[in-house]
Amino acid sequence: MMAGWDAVQDGTTYGTPTGIWSVVVDGELYVRAWHGTGSRWYQAAVTQHRGRIRVAGHVRKVRFEQADASVGDAVDDAYRTKYAGSLYLPPIIGSGPQAATVPTSPSRG
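Our numbering numbers the first residue of the sequence shown as 7 and each following residue consecutively.
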């Protein structure tokens with residue numbers, strides 16, 4: 007399952023929604039940029055620290071933060087479990103997407 011999301015790109019407006027792959031580790035939702043740290047939505051997320059995600063038909067405002075490097079293996083394992091057998095699994099656990107791992111948290115504003 008993919009979660010759609012968009013980040014605030016100019017500080018005031020949301021960008022174009024982008025399909026993303028998500029996993030939950032220790033109760034926290036993590037997303038990765040398929041094209042690594044150079045992707046536009048990743049840059050907007052880590053610059054503005056806020057955006058919206060759509061999961062299971064629900065849209066939620068969230069904060070995006072930089073992931074702690076110590077969770078990398080756990081996030082990889084969660085992707086392996088959730089997307090086992092998918093042709094998309096090897097790329098999403100590659101070094102580019104690993105470097106662009108973003109935890110999300112609910113936002114009030």
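Note that beta-carbon positions come from the ideal geometry of N, C-alpha and C, so glycine has one too. Predicted, not measured: the structure shown is a model, and the values here were computed from it.
Where residue i falls, given that 16 or more other Cβ within 10 Å makes a residue buried
| i | result |
| --- | --- |
| residue 82 | buried |
| residue 8 | Residue confidence is low: residue 8 scores 42 on pLDDT, short of 50, so the model does not pin down where it sits. Its coordinate-derived value is still stated next. Classification of residue 8: exposed, given that the 10 Å Cβ count is below 16. |
| residue 85 | buried |
| residue 87 | exposed |
| residue 114 | exposed |
| residue 48 | buried |
| residue 73 | buried |
| residue 36 | buried |
| residue 68 | buried |
| residue 80 | exposed |
Three-way DSSP call (helix, strand, coil) for residue i in this model
| i | result |
| --- | --- |
| residue 45 | coil |
| residue 97 | helix |
| residue 107 | strand |
| residue 85 | helix |
For residue j and residue i, the rounded distance between their alpha carbons
| i | j | result |
| --- | --- | --- |
| residue 107 | residue 63 | 23 Å |
| residue 25 | residue 90 | 19 Å |
| residue 21 | residue 29 | 22 Å |
| residue 38 | residue 105 | 8 Å |
N-terminal and C-terminal residue of the beta strand (DSSP E) that residue i is part of
| i | result |
| --- | --- |
| residue 77 | First-last for residue 77: undefined, no H or E at that position. |
| residue 22 | Segment: none, residue 22 is in no beta strand (DSSP E) and carries neither H nor E. |
| residue 55 | From DSSP, residue 55 is part of no beta strand (DSSP E); its letter is neither H nor E. |
| residue 34 | 34 to 38 |
| residue 114 | Careful: residue 114 lies outside any beta strand (DSSP E) and carries neither H nor E. |
Selection from the options that minimises the alpha carbon distance to residue i
| i | options | result |
| --- | --- | --- |
| residue 110 | 58, 101, 100 and 104 | 58 |
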